Structure formats: structure tokens, C-alpha cells
Amino acid sequence: MDIGILKHSDKKELKSYIGFLLWHYRVVDGFWFLYVEEKCGRPSAEHLDEAVWHKIAGMSAKDIIHRFQIKERGLKGFVKAMQYCPWTMIVGYCIEEMEDEVILTVPQCITQVARVKQGLPEFFCRNMHLKEFESFAHAVDKDIKVECIFAPPDHPADCFCKWRFYM
1 MDIGILKHSD KKELKSYIGF LLWHYRVVDG FWFLYVEEKC GRPSAEHLDE AVWHKIAGMS
61 AKDIIHRFQI KERGLKGFVK AMQYCPWTMI VGYCIEEMED EVILTVPQCI TQVARVKQGL
121 PEFFCRNMHL KEFESFAHAV DKDIKVECIF APPDHPADCF CKWRFYM
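Residue numbers (the working numbering): 1 to 167.
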């Protein structure tokens, strides 16, 4: 890969570019879903989203583990790898690490909020995130279990989703 102009960029420019990439990553994902939903219906968009994120998450985790030399396994390795996950930064995952479990919460889901602002209903993302989180977690350690506590469209007003990771 040729990183072009980035070879000569300073720290401020690189941080700005990373911000651009994260924003663009989210926008591409959002428009991809919207156009599939428009052409094929929401159930098809949700199903394809599940398949894509199931595949991408494990690939991402493996690359993160390799690039950032994450040696830990189990929940410690999972939390460390999640810190590098683009969606952790884009969405602002709150990760609470305890001795025998990790709780990941999303107080404000930018994707679902944007849909509601556009007059669209929240979509069913539980299965997609379950497959995404399992794929990511299992790339770190096959023994990590994932449990959805709640996710859209069924969630309390003050939090969009909550997930439990445990061994």
C-alpha cells in the first residue's frame, strides 16, 4: 500500500486525517445500508449487514492483534483490541471491565439517531452486532461468550444497547 502524502504529514495532519477516515467509514456504512434498504427492503439490508459485519469484525480483530502486537487473550485481550476498533471511536463505546466480565454500552447510537431524524424507524441490529461482536471476540479468544442485554429497537430511553462479554 502506498500511503502517498501521509508519508510527509505531521502529527496534526495525521490526526485530522484519521478523524476524516473514521467519519467517512461511518458515512459509507450508513449509506450502504440505506441504499440496500431502499432497493431490497429493511429485512434484506439487516441480513446483509449481519453477513458483512460477521466477516469484517474477525478480520479487523486479527489485523489489530497483529499490527498492535496484542499478546493477551481472554477479556483483557478483547478490551485491548476493542480500543483500536474504529467503531469504539466512532460510536463512543463505553467499556466497563470487571474481573469476570466486560460490559459494553452505547448511550447514544449515532446510526439509530440519524435514522429517526430522517423519519425512519430504528432497525433491528441485535443479530448484526451479535455476529460482529462474536467474530471480533473469537479472533481474540474462542472462549469469550457474548450476550445481548438489549439493543434497538427494544431499549431504554437513556441507552441504545448493552452487551456482556464473559468467559
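Cβ atoms here follow ideal geometry from the backbone N, Cα and C, with glycine treated the same way. Quantities reported herein were computed from a predicted structural model and do not represent experimental measurements.
- Determine the extent of the beta strand (DSSP E) in which Leu104 is found, giving its start and end residues. If you look at Leu104, you'll find it in the beta strand (DSSP E) that goes Glu101 to Val106.
- Query: What are the start and end residues of each continuous alpha helix (DSSP H) run of 4 or more residues lying completely inside the segment 57-91, in chain order?
  - Reply: Correct list: 74-82.
- Message: Please report the distance separating the alpha-carbon of Leu22 from that of Trp32.
- Response: Each residue's alpha carbon lies about 15 Å from the other.
- Whether Ala137 touches Phe165 by CB criterion (8 Å): The Cβ-Cβ distance between Ala137 and Phe165 falls below 8 Å.
- Around the Cβ of Asp49, are there at least 16 other Cβ atoms within 10 angstroms (buried) or fewer (exposed)? Classification for Asp49: buried.
- Message: Nearest by alpha-carbon distance to Gln118: which of Lys15, Ser16, Ser9 and Gly30 is it?
- Response: A check of alpha carbon separations from Gln118 across Lys15, Ser16, Ser9 and Gly30 identifies Gly30 as the nearest.
- Message: Here's the rule: buried if 16 or more other CB atoms are within 10 angstroms of the residue's CB, otherwise exposed. What is Gly92?
- Response: Answer is exposed; the Cβ neighbour count stays below 16.
- Message: When you compare the CB positions of Met82 and Ile90, do they come within less than 8 Å of one another, or not?
- Response: No, these two residues do not count as a Cβ contact at 8 Å.
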